[in-house]
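Position one of the sequence shown corresponds to residue 13 (the numbering used here), numbered consecutively onward.
Backbone N, C-alpha and C fix where the C-beta goes; we use that ideal spot for every residue, glycine too.
Being a predicted model, the structure only gives us computed values, none of them experimental.
Read the structure below first, then the notes.
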Amino acid sequence: MSPLADTVARRRTFAIIAHPDAGKTTLTEKLLLFGGAIQMAGAVKARGEARRAHSDWMKVERERGISVTSAVMTFDFEGRVFNLLDTPGHEDFSEDTYRTLTAVDSAVMVLDAAKGIEGQTRKLFEVCRMRDVPIITFVNKMDREALDPFDLLDDIEQNLQLEVTPASWPIGMGRGFLGCYDLLGDRLALLEKTSREALPGAGETCQGLDDPKLDRMLPDHAVATLREQVEMARGLCPEFDLDAYRAGNRTPVFFGSAINNFGVRELLHGLAQYAPPPRPQPTTARAVEPTENKVAGFVFKIQANMDPKHRDRIAFTRLASGHFKRGMKLKHSRSGKAMNIHNPLLFLAQDRERAEEAFAGDIIGIPNYGGLRIGDALTEGEDLRFTGIPSFAPEMLQKVRPEDPLKAKHLGRALGQLAEEGAANVFKPMIGADWVVGVVGGLQFDVMADRIRTEYDLPVRFEPTELYTARWVEGEDARELKKFIDANRSAMAEDYDGAPVFMARNAWHLNKAVEDWPNLKFSKTREHLD
Ligand code: G4P
Numbered sequence: 013m014s015p016l017a018d019t020v021a022r023r024r025t026f027a028i029i030a031h032p033d034a035g036k037t038t039l040t041e042k043l044l045l046f047g048g049a050i051q052m053a054g055a056v057k058a059r060g061e062a063r064r065a066h067s068d069w070m071k072v073e074r075e076r077g078i079s080v081t082s083a084v085m086t087f088d089f090e091g092r093v094f095n096l097l098d099t100p101g102h103e104d105f106s107e108d109t110y111r112t113l114t115a116v117d118s119a120v121m122v123l124d125a126a127k128g129i130e131g132q133t134r135k136l137f138e139v140c141r142m143r144d145v146p147i148i149t150f151v152n153k154m155d156r157e158a159l160d161p162f163d164l165l166d167d168i169e170q171n172l173q174l175e176v177t178p179a180s181w182p183i184g185m186g187r188g189f190l191g192c193y194d195l196l197g198d199r200l201a202l203l204e205k206t207s208r209e210a211l212p213g214a215g216e217t218c219q220g221l222d223d224p225k226l227d228r229m230l231p232d233h234a235v236a237t238l239r240e241q242v243e244m245a246r247g248l249c250p251e252f253d254l255d256a257y258r259a260g261n262r263t264p265v266f267f268g269s270a271i272n273n274f275g276v277r278e279l280l281h282g283l284a285q286y287a288p289p290p291r292p293q294p295t296t297a298r299a300v301e302p303t304e305n306k307v308a309g310f311v312f313k314i315q316a317n318m319d320p321k322h323r324d325r326i327a328f329t330r331l332a333s334g335h336f337k338r339g340m341k342l343k344h345s346r347s348g349k350a351m352n353i354h355n356p357l358l359f360l361a362q363d364r365e366r367a368e369e370a371f372a373g374d375i376i377g378i379p380n381y382g383g384l385r386i387g388d389a390l391t392e393g394e395d396l397r398f399t400g401i402p403s404f405a406p407e408m409l410q411k412v413r414p415e416d417p418l419k420a421k422h423l424g425r426a427l428g429q430l431a432e433e434g435a436a437n438v439f440k441p442m443i444g445a446d447w448v449v450g451v452v453g454g455l456q457f458d459v460m461a462d463r464i465r466t467e468y469d470l471p472v473r474f475e476p477t478e479l480y481t482a483r484w485v486e487g488e489d490a491r492e493l494k495k496f497i498d499a500n501r502s503a504m505a506e507d508y509d510g511a512p513v514f515m516a517r518n519a520w521h522l523n524k525a526v527e528d529w530p531n532l533k534f535s536k537t538r539e540h541l542d
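Next up, the structure:
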């Protein structure tokens, strides 16, 4: 294997998908702990501080108890380099989450053992399925009263139409939770009796379930139940199969308790062993192989305020190929311009470190002053357009105006910056003075109002409109397009780039426009216009 191929093959870029409260934050912290990225003693404190830091710069987050921040965390384990991309958990922030899922090669699905598959788990899973992202399942909170393991497996299978293979088997649950038997590695891992934490070390190696060691280490009833249940599970579930997992058809299921560090090592070991290395990335012209020598990457997320002290924006870029070095000059495919990437960032928990080099699968943060947008490609010269980065139709439209009418210009600037981040669509009606903002989930209005107030010192009001939906209008024949715009001026707006947008009052209004102007194209997103 060439050195580049070897380096790439060690990368594991993944995200955690979970319904809020299932334990994503806790598991993330423990993964970082086992990966050596944070210290045991500092962990709890760091968590508290990190939480406070987050909340400080986003009041909405504190008020609603949700995480709207997102970052990339890198750590090493068993010779692999892991990039964990955090996904905002709340339903209303799904745009960012969906886009983040376009930048990973696999996912860990965390379930609350008492609840099984929940609403948000299913939604996020569907996004993974669209892209055949392989999934490892972690059933968390086994230290509490939980559903029966068979019911949990059945829930995953029935609810998600996904084959399951238990990778470990829980011994008891709640107060009676003793530990797990690792079915893929034939190891017994137990909880420490008094602290109820995972015992240090990787567990006791066994010679299968008949090993008399088990009889010595576990109470009689627990061994009997374990043997019986595993036999049944093996009869019911298919064996673990790497290809079926990597094709996204089968999920290995680990049981554990993140808060007690239990099952985390096994999960990481599973990721190290089975999760796929960076996969080829599709473009309109060809698939980019991760081992190609030339650098190519795509922006999947733009985020403001990584640091509350600076009003900066970072373009999160997933490398698809090549060996990236700091200071490299890359071509920005959309504008054709060369960009010097002097100070890219790697993200480690809340800290930033300078990236000296990076490879396929790695994420680099490029400080961005407006040029980069979601979906943009950066290459060493080739013109590429990566595909599959979703954009979303603005389904909810509201007017926004500053409390102080003299601040309209300031508001325009603030909205423009939020539009570039992909946080919302911003429209300027051709008639009238108000801006219209289009989002996918209603909570985004609150978040935007809060950000405009705190970041731009500009109190604003959002107000409902009678508008039903927005469509970008395109036409081969410029005269025809102009005719349409002139005939519908009261329903026309421009987006932040000046592209014409038709704002329909209702479904009938939209259908009529589509029927009356067959030579024009009405699009829900503006992806294809770039
Ligand atoms: P999320 O990011 O998916 O929303 O979940 P998070 O990790 O914040 O966990 C949600 C709650 O579940 C937290 O309790 C957390 O301590 C608890 N938790 C996580 N893993 C386990 C586990 O393995 N066992 C048990 N029993 N609880 C677990 P909280 O009271 O909401 O917050 P905190 O005050 O403990 O931080």
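So for residue i, helix, strand or coil by DSSP?
i, result
"Pro161", "helix"
"Asn152", "strand"
"Thr177", "strand"
"Leu230", "coil"
"Gln170", "helix"
"Gln429", "helix"
"Ser333", "strand"
"Lys42", "helix"
"Glu216", "strand"
"Cys249", "coil"
"Leu202", "strand"
"Glu486", "strand"
"Tyr480", "coil"
"Arg143", "coil"
"Gly54", "With a pLDDT of 37 at Gly54, under the threshold of 50, the predicted position of this residue should be treated as unreliable, though the coordinate-derived value follows. Gly54: helix per DSSP, three-state reduction."
"Asn531", "coil"
"Leu190", "coil"
"Ser118", "strand"
"Ile183", "strand"
"Glu467", "helix"
"Glu492", "helix"
Which word fits residue i, buried or exposed, when buried means at least 16 other C-beta atoms lie within 10 angstroms of its C-beta?
i, result
"Met504", "buried"
"Asp222", "exposed"
"Glu278", "buried"
"His233", "exposed"
"Thr217", "exposed"
"Glu527", "exposed"
"Ala332", "buried"
"His354", "exposed"
"Val80", "Since pLDDT at Val80 reaches only 32, below the 50 mark, its modelled position is unreliable, and the value read off the structure follows with that caveat. Label assigned to Val80: buried."
"Arg463", "buried"
"Gln173", "exposed"
"Asn152", "buried"
"Met515", "buried"
"Met244", "exposed"
"Pro476", "exposed"
"Lys313", "buried"
"Pro471", "exposed"
"Ile432", "Note that residue 432 is Glu in the sequence shown, not Ile. Buried is the call here."
"Gly77", "Because Gly77 carries a pLDDT of 36, less than 50, the predicted location of this residue cannot be relied on, and no value is offered for it."
"Met85", "buried"
"Lys225", "exposed"
Pull up the DSSP beta-bridge partners for residue i, would you.
i, result
"Arg397", "DSSP lists no partner for Arg397."
"Gly348", "Paired residues: none, contrary to the question."
"Gly128", "Asp124"
"Asn95", "Thr25 and Thr86"
"Ala516", "Thr481"
"Lys313", "Phe328"
"Gly377", "Phe328 and Leu357"
"Ala503", "None, per the DSSP bridge assignment."
Please name the residue in the options whose C-alpha comes closest to that of residue i.
i, options, result
"Leu203", "Ala284, Gly453, Phe310 and Phe267", "Phe267"
"Thr149", "Leu390, Tyr110, Ile168 and Pro231", "Ile168"
"Val459", "Tyr480, Ala436 and Asp416", "Ala436"
"Ala10", "Gly197, Thr263, Arg325 and Asp155", "Residue numbering for the chain in the displayed model covers 13 to 542; residue 10 lies beyond these limits and cannot be assessed."
"Arg291", "Cys192, Arg92, Thr303 and Gln173", "Thr303"
"Asp166", "Ala21, Ala372, Ala125 and Gly424", "Ala125"
"Ile386", "Phe398, Glu251, Val300 and Gly393", "Phe398"
"Phe336", "Leu164, Leu390 and Gly348", "Leu390"
"Phe496", "Ala525, Gly48 and Gly128", "Ala525"
"Ala179", "Gln241, Thr206 and Phe252", "Phe252"
"Phe534", "Leu493, Pro414, Gly309 and Gly510", "Leu493"
(request) Starting from the N-terminal side, write out each stretch of the beta strand (DSSP E) that is 3 residues or longer and does not extend beyond the stretch 251-294. (result) Runs of the beta strand (DSSP E) inside the stretch 251-294: 262-267.
(request) Any chance you could list the beta strand (DSSP E) runs of at least 3 consecutive residues sitting entirely within the stretch 405-456, in chain order? (result) Here the runs fully enclosed are 408-414, 437-441 and 447-451.
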